[in-house]
Structures are given as structure tokens and as C-alpha cells.
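Heads up, the thing below is written out as C-alpha cells.
In my numbering, the protein residues as written are 42 to 193.
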């Protein structure tokens, strides 16, 4: 009899624990969905914003700063895939030529390798979402942009 009572109590506690975990997960996902502001998308520990208007690289960077972030710094292949999926068109990213042959991200890190600068005076970098490539362009070209800001 005691063994049956204990077994029933263990089952009851397991069910209660499972229900509590389910409720906690529902709440967690609801909170995570609200972490990034409206119009921003979450990936890993950052929020990303694709502009709805077009502007120069400098205007883009200023707008991102006003939103609490900066132009996106692409750190790895997974982040690049996420960023490419944000747009079908071209968009500024946070990469710019510092001096001839030296490309730096807005966070100060250097780019390994470099865009080709085939058109001359192409000192800012955009992504082409449809072809999933990068392109260096004149910084005053008017295109959309992608901002990034850390969650915390």
C-alpha cells in the first residue's frame, strides 16, 4: 500500500513538473518574441532591422545609431545567411575601406580579404540579397541598410 502511494505521488509530481515546465516555456517564448523592438528580427543575441527607406552609407550608419545600434557586422556564415534572408535587394552593411586595401568593420575589426573596388572609389560595402554576395560601392549610393544591436 505504501509503495502504491509513493508511486502515485511520484507520478503526480512528475505531471505537475511537466505542466510547470510547459507553462514556463510558453512564457519564455512570449518574452523572447518581445525582446526586439517592433520591426526588428532576433538572431542569436542580436536584433536586426532592415530599413524601409534608402540612403547613403553615412546616413544609414547615423540612422542605426539613432536606433541604438550600428550597421551590421557579419561575424560568420550563419549570421551571413540570416542577413541575406532579410532582403532580396541590396543593403548597406557595416564594412568600409579605411585606407586603400584596408577594410574595417564598424566595430573596428579588420576584414580578412577584401572587395575588389573594380569601379574605383568604391569604399563602402553592401550585400546583394538576391545573389547572396557582397559588393563594394560608392558610399553615396542610395540603398537600404541593415542595423544590428545587441540584446543586452
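Just so you know, even glycine gets a beta-carbon here, dropped at the ideal spot from N, CA and C.
Residue i at chain B interface by Cβ criterion, 7 Å
| i | result |
| --- | --- |
| residue 139 | Considering every chain present, this structure includes no chain B. It has just one protein chain. |
Those residues which DSSP pairs with residue i across a bridge
| i | result |
| --- | --- |
| residue 125 | In DSSP, residue 125 forms no bridge with anything. |
| residue 176 | 167 |
| residue 98 | Paired residues: none, contrary to the question. |
| residue 76 | DSSP output for residue 76 lists no bridge partner at all. |
Backbone CA spacing between residue i and residue j [nearest angstrom]
| i | j | result |
| --- | --- | --- |
| residue 182 | residue 168 | 13 Å |
| residue 61 | residue 103 | 45 Å |
| residue 97 | residue 171 | 20 Å |
| residue 49 | residue 69 | 30 Å |
| residue 185 | residue 115 | 17 Å |
| residue 138 | residue 108 | 24 Å |
| residue 173 | residue 142 | 23 Å |
| residue 125 | residue 58 | 41 Å |
Proximity of residue i and residue j at Cβ, strictly below 7 Å
| i | j | result |
| --- | --- | --- |
| residue 188 | residue 164 | no |
| residue 91 | residue 128 | yes |
As assigned by DSSP and simplified to three states, the class of residue i
| i | result |
| --- | --- |
| residue 152 | coil |
| residue 111 | strand |
| residue 53 | helix |
| residue 162 | coil |
**Prompt:** For the segment 141 to 149 against the segment 79 to 93, are there 3 or more C-beta pairs whose distance is under 8 Å?
**Reply:** no
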